[in-house]
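Worksheet: the structure to be examined is printed underneath.
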Amino acid sequence: MTRNVTFLVTIKTTVFNVVRYPVLLFGLICCILTQYFGSSVVVFNTNIIKYTKPIHISPNVYRFKKQINISQVDTATCQGKKLLVYTCNERCGGWGDRQKGIVSAFLLALLSNRTFVIDLQVPCDVNNFIDPNMYDWTKCREYVNTIPENDTETVFIGKIASLIAPLKQENYTDSWNKTVIIVKISAYERIMNALRKNPIADKQIPWLKEYTNIEILNLMLRYLLVPKITLHQHLKSYINVSTQGRKKLVCGHIRIGINPSNPLDDSLGDEYFTRPRQNAVFTTLKQYSDPSKYVVYLATDSDEVRNHAKSILPNYINLDRKIVHVDKHSYVNSTESCNGLYTVLFEQYLLTKCDYLVLTRSNFGANAAYIRGHSKGLFLYYQGRVEPATLADIQKIYIFK
Ligand SMILES: Nc1nc2c(ncn2[C@@H]2O[C@H](COP(=O)(O)OP(=O)(O)OP(=O)(O)O)[C@@H](O)[C@H]2O)c(=O)[nH]1
Ligand SMILES: *[C@@H]1O[C@H](CO)[C@@H](O)[C@H](O)[C@H]1NC(C)=O
Ligand SMILES: *[C@@H]1O[C@H](CO)[C@@H](O)[C@H](O)[C@H]1NC(C)=O
Ligand SMILES: *[C@@H]1O[C@H](CO)[C@@H](O)[C@H](O)[C@H]1NC(C)=O
Ligand SMILES: *[C@@H]1O[C@H](CO)[C@@H](O)[C@H](O)[C@H]1NC(C)=O
Ligand SMILES: *[C@@H]1O[C@H](CO)[C@@H](O)[C@H](O)[C@H]1NC(C)=O
Ligand SMILES: *[C@@H]1O[C@H](CO)[C@@H](O)[C@H](O)[C@H]1NC(C)=O
Ligand SMILES: *[C@@H]1O[C@H](CO)[C@@H](O)[C@H](O)[C@H]1NC(C)=O
31 MTRNVTFLVT
41 IKTTVFNVVR
51 YPVLLFGLIC
61 CILTQYFGSS
71 VVVFNTNIIK
81 YTKPIHISPN
91 VYRFKKQINI
101 SQVDTATCQG
111 KKLLVYTCNE
121 RCGGWGDRQK
131 GIVSAFLLAL
141 LSNRTFVIDL
151 QVPCDVNNFI
161 DPNMYDWTKC
171 REYVNTIPEN
181 DTETVFIGKI
191 ASLIAPLKQE
201 NYTDSWNKTV
211 IIVKISAYER
221 IMNALRKNPI
231 ADKQIPWLKE
241 YTNIEILNLM
251 LRYLLVPKIT
261 LHQHLKSYIN
271 VSTQGRKKLV
281 CGHIRIGINP
291 SNPLDDSLGD
301 EYFTRPRQNA
311 VFTTLKQYSD
321 PSKYVVYLAT
331 DSDEVRNHAK
341 SILPNYINLD
351 RKIVHVDKHS
361 YVNSTESCNG
371 LYTVLFEQYL
381 LTKCDYLVLT
391 RSNFGANAAY
401 IRGHSKGLFL
411 YYQGRVEPAT
421 LADIQKIYIF
431 K
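One rule links them: number in my numbering = place in the sequence shown (from 1) + 30.
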């Protein structure tokens with residue numbers, strides 16, 4: 031099952047200070063320039079984001095593989111096992127939320143000593159495009175269907191205090207007594223913070239305390255998921271062709287929320303809020319518009335934003351496929367929504383490969399940065415401005431629950 035994933039697991043060992051000081055210096059020079067030449071230069075106000083200890087190196091997933099005690103939840107046989115299934119067959123968040131749900135669910139499987147299954151069939155089977163990497167979460171999927179309903183329990187874990195509180199002390203090996211537990215999850219940080227307090231977790235997941243929530247996401251998303259060969263090859267050749275193997279890949283992600291290309295989504299703030307977001311990201315991307323050095327990939331949930339990018343960035347590239355919010359789509363045309371899932375996966379994995387990455391608030395983008403695994407060339411939109419930031423800043427300023 032283990033496959034060579036060097037493409038995804040680029041471990042950059044750049045020492046942060048080498049990165050940070052030029053960035054700060056650049057910010058300073060910009061400030062001085064702006065003083066004298068007006069504000070055509072982007073100002074990185076380094077006061078707003080307090081630099082925290084950077085997480086700049088992906089933890090070693092092979093070391094982790096040895097650390098994790100898989101005998102607790104092995105998939106050698108399914109028969110007679112207790113199982114925990116992560117599923118999402120109705121509204122439970124987009125791909126970013128689902129990734130975080132998968133990670134939380136896997137930790138619950140380890141905590142409760144249960145074999146783990148991912149069963150994501152909406153808008154179509156995620157296994158069409160993504161394979162298990164180091165843990166086979168497909169192995170017992172069929173077996174789950176043979177378990178009668180009265181031996182199955184569905185558990186919801188959301189952001190609400192009453193749903194989070196039990197995670198702090200429950201012995202789930204004891205209290206979950208059905209053969210199959212199906213979990214539906216819409217939270218990450220709160221779950222993690224609760225699990226860290228659970229005394230049983232000290233025994234069942236002793237390595238949990240060694241890693242930050244970000245590192246857990248980085249490790250688990252690589253440990254559990256890997257793009258299928260076809261998606262992997264598509265990404266690799268797309269990047270190679272676009273960059274001609276030498277240009278820097280500059281990426282942005284602008285999440286808009288409800289808009290004509292994403293009509294069933296929630297509002298993430300009206301024009302008054304989304305416009306400055308776009309403007310600030312574009313101002314930053316325009317600094318990389320020299321086509322001889324850079325190509326710019328803009329991922330977004332809005333065709334309007336794509337079209338704007340196309341019109342102002344001479345080196346703009348895009349897959350140009352239909353935008354589908356994987357959780358808030360009509361699903362009337364299954365081919366279309368399945369293609370939409372492919373596009374989401376393609377674009378997110380592409381963001382993990384960028385030399386520069388400019389993000390607005392979204393789990394989709396945040397997870398791309400976490401999988402990317404370092405803070406070099408990372409910029410975040412915050413309060414009207416785009417600023418250089420570290421991976422730790424993402425949670426500090428976007429405050430996902
Ligand atoms: N193709 C594509 N789809 C996107 C992009 N940005 C957002 N989407 C869609 O919108 C969804 C956003 O959901 P998440 O990934 O969970 O991110 P989020 O912004 O935290 O969103 P919510 O689920 O609404 O809380 C994604 O899963 C995609 O389906 C993008 O750049 N490209
Ligand atoms: C791994 O888990 C098994 C089963 O729970 C336990 O018997 C064993 O001691 C654990 N090994 C380590 C190294 O923690
Ligand atoms: C977990 O499962 C393993 C193997 O199925 C078993 O040996 C071990 O005792 C279980 N641990 C707990 C805490 O139930
Ligand atoms: C589940 O239902 C079946 C009959 O449909 C019954 O034979 C069985 O005992 C039930 N199991 C449990 C655990 O209640
Ligand atoms: C949790 O429950 C299981 C099953 O009843 C039991 O074997 C185990 O000792 C309990 N763990 C703790 C730490 O109490
Ligand atoms: C299973 O767990 C439920 C609730 O946690 C409890 O009410 C029930 O008595 C348990 N059943 C068995 C057979 O242990
Ligand atoms: C990248 O594309 C060039 C042609 O532009 C080709 O010669 C080279 O083999 C490709 N490299 C990879 C890794 O695909
Ligand atoms: C569904 O979408 C696909 C791709 O967008 C399109 O080719 C096809 O005609 C659509 N089918 C229907 C029934 O609308």
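Just so you know, even glycine gets a beta-carbon here, dropped at the ideal spot from N, CA and C.
Query - Presumed contact (8 angstroms Cβ cut-off) between G407 and A310, rounded CB distance - result: So it is not a contact: roughly 17 angstroms between Cβ atoms.
Query raised in the report: Is the segment 108-115 in contact with the segment 164-181, if contact means three or more CB pairs nearer than 8 angstroms?
Result: yes
Query - DSSP three-state assignment for F394, whether helix, strand or coil - result: Three-state DSSP puts F394 in a helix.
Query raised in the report: For R415, which of helix, strand or coil comes out of DSSP?
Result: strand
Query - Buried/exposed call for A217, threshold 16 Cβ in 10 Å - result: buried
Query raised in the report: So, do the segment 356-364 and the segment 377-384 have three or more beta carbon pairs nearer to each other than 8 angstroms?
Result: Too few Cβ pairs lie closer than 8 angstroms, so no.
Query raised in the report: Which stretch, first to last residue, makes up the alpha helix (DSSP H) that contains G126?
Result: W125 to L141
**Report entry** Inter-residue Cα distance where the pair is F430 and I342
**Finding:** If I take the Cα positions, the gap works out to 32 angstroms.
Query raised in the report: Applying the criterion that 16 or more other CB atoms from any shown protein chain within 10 Å of the CB defines a buried residue, is E179 buried or exposed?
Result: exposed
Report task. Pull up the distance between the alpha-carbon of G124 and that of Y411, whole angstroms please. Result -> 20 angstroms
Query raised in the report: Is it true that the segment 329-345 meets the segment 415-423, where meeting means three or more beta-carbon pairs spaced less than 8 angstroms apart?
Result: no
Query raised in the report: Around the C-beta of L58, are 16 or more other C-beta atoms found within 10 angstroms, so that it is buried, or is it exposed?
Result: Per-residue confidence for L58 stands at a pLDDT of 41, beneath the threshold of 50, marking its modelled position as unreliable; the derived number appears in the next sentence. Exposed, because fewer than 16 other Cβ atoms sit within 10 Å of the Cβ of L58.
Query raised in the report: From which residue to which residue does the beta strand (DSSP E) around F146 run?
Result: Taken as a continuous stretch (DSSP letters only), the beta strand (DSSP E) holding F146 covers T145 to D149.
**Report entry** Cβ-Cβ distance between I284 and Q308 below 7 angstroms
**Finding:** Here I284 is near Q308, since their CB atoms are less than 7 angstroms apart.
Query raised in the report: In angstroms, rounded to a whole number, what distance separates the CA positions of K277 and N119?
Result: 41 angstroms
Query raised in the report: Can we count N180 as close to ligand 4, meaning its CB is less than 6 angstroms from some heavy atom?
Result: Yes, since a heavy atom of ligand 4 falls inside the 6 angstroms radius drawn around the Cβ of N180.
Query raised in the report: Quick one: does the C-beta of T365 sit closer than 6 angstroms to a heavy atom of ligand 8?
Result: yes
Query raised in the report: Cα-Cα, which of I177, V256 and C281 is closest to I328?
Result: For the record, residue 328 in the displayed sequence is Leu; it is not Ile. Comparing Cα-Cα distances from L328 to each of I177, V256 and C281, the minimum goes to C281.
Query raised in the report: Any heavy atom of ligand 5 closer than 6 angstroms to the Cβ of D204?
Result: yes
Query raised in the report: Mind checking L294: buried by the 16 CB within 10 Å criterion, or exposed?
Result: exposed
Query raised in the report: What's the call for R220, buried or exposed, on a 16-neighbour Cβ count within 10 Å?
Result: buried
**Report entry** G282 in three-state terms, based on DSSP
**Finding:** It is a strand residue.
Query raised in the report: Under a Cβ-count criterion, where at least 16 other Cβ atoms within 10 Å of its own Cβ denotes burial, should P344 be classed as buried or exposed?
Result: Label assigned to P344: exposed.
Query raised in the report: Would you call L349 buried or exposed, if buried means 16 or more other Cβ atoms sit within 10 Å of its Cβ?
Result: exposed
Query raised in the report: What are the residues that DSSP puts in a beta bridge with Y268?
Result: Paired residue(s): none; Y268 is not in a bridge.
Query - beta-carbon N207 near ligand 7 non-hydrogen atom, thresh 6 angstroms - result: no
Query raised in the report: Taking the Cβ atom as the reference point for each residue, do I212 and T184 lie within a distance shorter than 7 angstroms?
Result: yes
Query raised in the report: CB-CB under 7 angstroms to A399, same chain, minus the five flanking residues each way: which ones, in chain order?
Result: L387, L389, L408, L421 and I424
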